[in-house]
Amino acid sequence: MGWMTRIAVSAAALAVAGCVATPSPQGAQAQFEGFTEDLALARLIDERCPSIRLRYSQDQLITAYRQQMLAAGYNQSDLFQALFRSSPDAVAVSALQRLRASGVQPGNAPQLCAYGLAEMAAGTRTGSFLR
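Numbering (the numbering used here), first residue to last: 2 to 132.
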């Protein structure tokens, strides 16, 4: 889980949060955790699958998502509250559970690559982070 925790902490340090239609501190936290989980999964796929890469750098994804959050009506206070209330460990556990629920073992590169391709084909947020 170390890599997922590093992703979550890095994202928090860069003041990242998600985007939803109803701005609230609780919504910001939920969206931040969802964004961080999707980014962590995309990073894992990028690291383990030679033919799949992040579409943009992590910093570019974070910046774009933060701008989207602000455009949706969140303010800096909402963003910081979401960051400080989020648990990197909980996000990592959730990401691992999501993989396992899809029949993917996190250490199995062929399964991860197939999962990444399926996410891309389905147009999910995780898939949109990949190319």
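Each residue gets a CB set at the ideal place from its N, CA and C atoms; glycine is no exception. This one's a predicted model, so the numbers in the text were calculated from it and none came from an experiment.
{"Query": "Burial state of Met121, where buried means 16 or more other Cβ atoms lie within 10 Å", "Result": "buried"}
{"Query": "Beta-bridge pairing of Leu131 - partner residues as DSSP gives them", "Result": "Leu55"}
{"Query": "Close-in-space but distant-in-sequence residues of the same chain around Leu100 (CB under 6 angstroms, 5 per side omitted)", "Result": "Pro107"}
{"Query": "Bounding residues of the alpha helix (DSSP H) (the contiguous stretch that carries Gly117)", "Result": "110–123"}
{"Query": "CB-CB length for Val92 against Glu38, believed under 8 angstroms", "Result": "5 angstroms"}
{"Query": "Which of helix, strand or coil DSSP assigns to Ser25", "Result": "coil"}
{"Query": "Same chain, Cβ closer than 7 angstroms to Val1, neighbours up to 5 away in sequence not counted", "Result": "In the structure as shown, the chain starts at 2 and stops at 132, and residue 1 therefore has no counterpart that could be examined."}
{"Query": "Alpha carbon of Arg86 to alpha carbon of Gln30, nearest angstrom", "Result": "7 angstroms"}
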